[in-house]
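All remarks here apply to the structure that follows.
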Amino acid sequence: MQERSITGAAQRLFMTQPSVSNAVNRMRHAWADPLFVKEGRGIKPTPYAEALWQQVGESLSTIRHATQKEPFNVANTQRTFRIALTDWMADLFWLPLRKLIETHAPGLNIHAVPYAVNAEQLLLDAEVDLVLDYYAGTNPHVKSQWIFDNHFVCAMGAQNPLANQDLNLEQFIGAEHLLMSLSGKAFGSVDAALQKKGAKRRIAMTVNHFSNIAKILQGTDLITTIPLPIIYNSVMEGKLVITQPPMAIAPGPISMTWHKRHDQDSAMVWLKGKILQILKEDLQNNLVTYEKYRKLRS
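By my numbering, the letter at position 28 of the sequence shown is numbered 28, and the numbering carries on one by one without gaps.
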């Protein structure tokens with residue numbers, strides 16, 4: 001269930017691949033279900049296997065940690081962790097995380113999984129081990145830790161006629177907007193804030209990933225309202241100009257979220273601590289508030 005590979009499971013269990021295949025075949029016979037079927041170069045669980053995992057996964061994790069005799073040593077740990085996150089979060093800390101792993105935990109593999117809006121289900125289904133983004137769920141089996149707040153700014157290319165000025169509500173509504181939408185819906189927190197004022201903006205374009213936002217803004221007269229960390233480097237390089245939105249927008253909290261089955265997982269505890277350390281150091285060293293940005297420009 002965790003490796004999605006007979007070979008990977010064999011390596012992790014210190015068994016031969018035929019031994020693991022035979023064990024899977026015995027389980028298939030016992031439960032009269034294929035359990036795992038081929039998908040590309042790996043395997044995927046059947047619905048029955050998914051349902052079974054929900055019932056036994058947490059208990060197996062508890063047994064494993066209860067019977068672990070040797071103290072945890074991250075330098076010798078052989079694990080693969082799947083982390084759901086957006087492209088801008090990966091840009092923020094994927095490189096420093098890899099450097100840290102190379103130094104302290106060379107046996108750890110970190111696989112990025114595309115993140116949309118189903119964090120809770122990904123964790124409940126054991127599709128991923130961690131989610132790094134906004135989480136507002138209340139499932140008792142899912143735990144979350146706040147990391148930082150994403151404060152919104154209004155961004156545009158330096159050539160935009162609205163650049164280098166404080167936008168009023170009329171100018172903001174009259175502009176053509178670019179919206180980053182993971183769900184594909186042309187409605188976000190900005191639209192909710194405008195709705196309270198009885199106003200509406202024109203969303204002229206949407207994108208479903210962050211990597212090309214700066215390039216689009218530089219080549220058009222579109223503006224976007226976006227958390228500062230996402231475009232921070234482009235702003236500091238002078239490619240984009242930012243100003244404050246003309247209305248209050250609550251910041252978006254970014255959290256680290258996991259299933260409680262990993263609470264006693266020493267490798268996971270280590271990984272979460274390092275991710276938290278990297279993100280907080282990066283934010284502290286690199287990110288500036290809007291007011292500090294204005295002082296730098298003036």
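Idealized CB from N, CA, C, for every residue including glycine. In this text the structure is predicted, and so the values were computed from the model without any measurement.
Whole-angstrom distance between residue j and residue i, CA atom to CA atom
i, j, result
"Lys99", "Leu13", "27 Å"
"Ala267", "Trp94", "18 Å"
"Val269", "Tyr135", "19 Å"
"Ile278", "Leu92", "9 Å"
"Thr103", "Thr77", "13 Å"
"Ala105", "Asn233", "29 Å"
"Gly329", "Val37", "Since the first residue shown for the chain is 1 and the last is 298, residue 329 is missing from the structure and cannot be characterised."
"Thr46", "Ala192", "40 Å"
"Gln244", "Val235", "14 Å"
"Pro246", "Ala163", "14 Å"
"Glu170", "Leu178", "17 Å"
"Ile173", "Glu127", "41 Å"
"His111", "Leu97", "12 Å"
Presumed contact (8 Å Cβ cut-off) between residue i and residue j, rounded CB distance
i, j, result
"Val20", "Ile6", "5 Å"
"Leu217", "Thr206", "About 14 Å separates the two Cβ atoms, so there is no contact after all."
"Asp133", "Thr86", "6 Å"
Opposing strand residues paired with residue i [DSSP bridges]
i, result
"Val241", "Met156"
"Ser5", "According to DSSP, which records beta bridges pairwise, Ser5 is partnered with nothing at all."
"Gln145", "Met256"
"Gly336", "It is not possible to answer for residue 336, since the shown part of the chain is limited to 1 through 298."
"Asn150", "Gly252"
"His177", "Ile203 and Ile223"
DSSP-derived helix/strand/coil call for residue i
i, result
"Arg259", "The question names Arg, but residue 259 is His in the sequence shown. Note: His259 maps to strand in three-state DSSP."
"Leu13", "helix"
"Tyr269", "In the sequence as displayed, the identity of residue 269 is Val instead of Tyr. It is helical."
"Ala105", "coil"
"Ile43", "strand"
"Asp133", "strand"
"Thr67", "coil"
Validate contact between the segment 51-62 and the segment 252-268 using beta carbons, cut 8 Å, 3 pairs: yes
Contact between the segment 146-153 and the segment 78-89: three or more CB pairs below 8 Å?
no
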